[in-house]
Ligand SMILES: Cc1cc2nc3c(=O)[nH]c(=O)nc-3n(C[C@H](O)[C@H](O)[C@H](O)COP(=O)(O)OP(=O)(O)OC[C@H]3O[C@@H](n4cnc5c(N)ncnc54)[C@H](O)[C@@H]3O)c2cc1C
Ligand code: FES
């Protein structure tokens, strides 16, 4: 009886081991794409090890394609033309590509696996995107879950960007994070300071990058950023401006206000900042300073709820209530929104009711 049991166990173990061996062999055979050539714009050829996605393969060669989701296929920014060798468009790409784009071989580079030689086209302006080796020189608490990080640019030592643009932050391997990964953060610093980049980051519980920044990143540590990216920026019209942001959505608006001050911009501008609680308000002193320094700027913070014992003499309620009560004839205004997709969608609805043309509503969704 015992002998039969032992033999059965041995047979099952042997079958398991054989299956594992076959799996490892087939994994090696089918996922070994060897060295692949990537021809770029008929001008340059890269040799890369197959098996990665195109976005990562290019990134490793210091060619940076816009991306805001770290290659998860959710931002739709990493488009480029794959003229040969890319296979068919995947279901994960379809929501981001219209018919004309598909017809012109546009693809999401994070979804295209390099399995063979490829021929691709990258718009020449993207070659201006650089990687910046930086040093973290300051970390400031703005609220209990928002910090401002200041990075000194080491190599290269200066940057030009348009206020409103974002950088990608390379999260290194740490603790349980086993893979380097990028996340997008809007630049919050004064664009006149070309040797530093500041980011305002809100902690997302269990988030890969924000946990790294809050728990592990220390003053003096090296940091790698690449960019700048994005089309969120002020127009050069004279239309009155409505800024709307909450939390870390403060970042690009702060940067735009620095720029308006530097360029003595006299446009009428009102900034509605929505906080859930008093403890969520940030940069209030700086905003009041901008009120003094900018000819036509007004800061309207609102607080949705106060805790027992707290007093708040400012606007009470959601930011949408504050806008509804304060914003009169907005038909000739432009609106600049930044923050969570939910907040942005609710605010766009309201702004349209207030008469703002949808083409004059600009936003960056932090998703
Ligand atoms: C163009 C752009 C600019 C951005 N600028 C900023 C900025 O200036 N400051 C800033 O703090 N963030 C900004 N973000 C968001 C940022 O890129 C990250 O998505 C965010 O910091 C979470 O990263 P993580 O790696 O910590 O979390 P992840 O590991 O990516 O996420 C962990 C989990 O949390 C969820 N999650 C992700 N983000 C949020 C969120 N914001 N709230 C609640 N749950 C979330 C995810 O769905 C996931 O389930 C920006 C995003 C975009 C697209
Ligand atoms: S990097 Fe976001 S969809 Fe490809």
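In the working numbering, the protein residues as written are 658 to 1024. No residue lacks a Cβ here, since even glycine has one placed at the ideal position from N, Cα and C.
- The C-alpha of residue 898 is placed about 14 Å away from the C-alpha of residue 1015.
- Considering only 881, 860, 903, the residue with the shortest C-alpha distance to residue 998 is 903.
- Distance from the C-beta of residue 866 to the nearest heavy atom of ligand 2 is not below 8 Å.
- Using a cutoff of 8 Å, the CB of residue 920 does not count as near ligand 1, since none of the ligand's heavy atoms is closer than that.
- When distances are taken from the beta-carbon of residue 752 to the heavy atoms of ligand 1, even the shortest one reaches 8 Å or more.
- In the DSSP assignment, residue 1008 falls outside any beta strand (DSSP E) and within the unbroken alpha helix (DSSP H) covering 998-1010.
- Closest by C-alpha distance to residue 879, out of 832, 809, 702, 844, is 809.
- In terms of Cα proximity to residue 699, the closest of 716, 780, 691 is 780.
- For residue 914 and residue 715, the gap between their C-alpha atoms comes out near 35 Å.
- Within the model, the alpha-carbon separation for residue 782 versus residue 857 is close to 27 Å.
- Shown here, residue 946 sits in a helix according to DSSP, grouped into three states.
- The three-state secondary structure of residue 909, taken from DSSP, is helix.
- For a cut-off of 8 Å, the C-beta gap from residue 826 to residue 882 is around 6 Å, short enough to register as a contact.
- Note on geometry: alpha-carbon atoms of residue 812 and residue 789 lie some 6 Å from one another.
- Looking at the backbone, the Cα of residue 944 and that of residue 960 are separated by about 16 Å.
- Judged by beta-carbon spacing, residue 770 lies within the 9 Å limit of residue 710, meaning their Cβ atoms are closer than that value.
- About 13 Å separates the beta carbon of residue 737 from that of residue 746, a gap too long to meet the 8 Å contact definition.
- In the structure shown, the three-state DSSP call for residue 956 is strand.
- With 7 Å as the limit between CB and the heavy atoms of ligand 2, the residues that fall short of it are 712, 724, 725, 726, 727, 728, 729, 730, 731, 732, 733, 734, 735, 753, 765, 766, 767, 768.
- The beta-bridge partner set that DSSP reports for residue 887 is empty.
- Collapsing the DSSP output to three states places residue 900 in a strand.
- Taking a 10 Å sphere around the C-beta of residue 922, we find 16 or more other C-beta atoms and assign the residue as buried.
- In terms of Cα proximity to residue 691, the closest of 963, 867, 719, 773 is 773.
- Beyond the five residues adjoining it in sequence on each side, residue 983 comes within less than 8 Å, by CB distance, of 927, 929, 957, 972 in the same chain, given in chain order.
- Where residue 983 is concerned, the enclosing alpha helix (DSSP H) starts and stops at 976-983.
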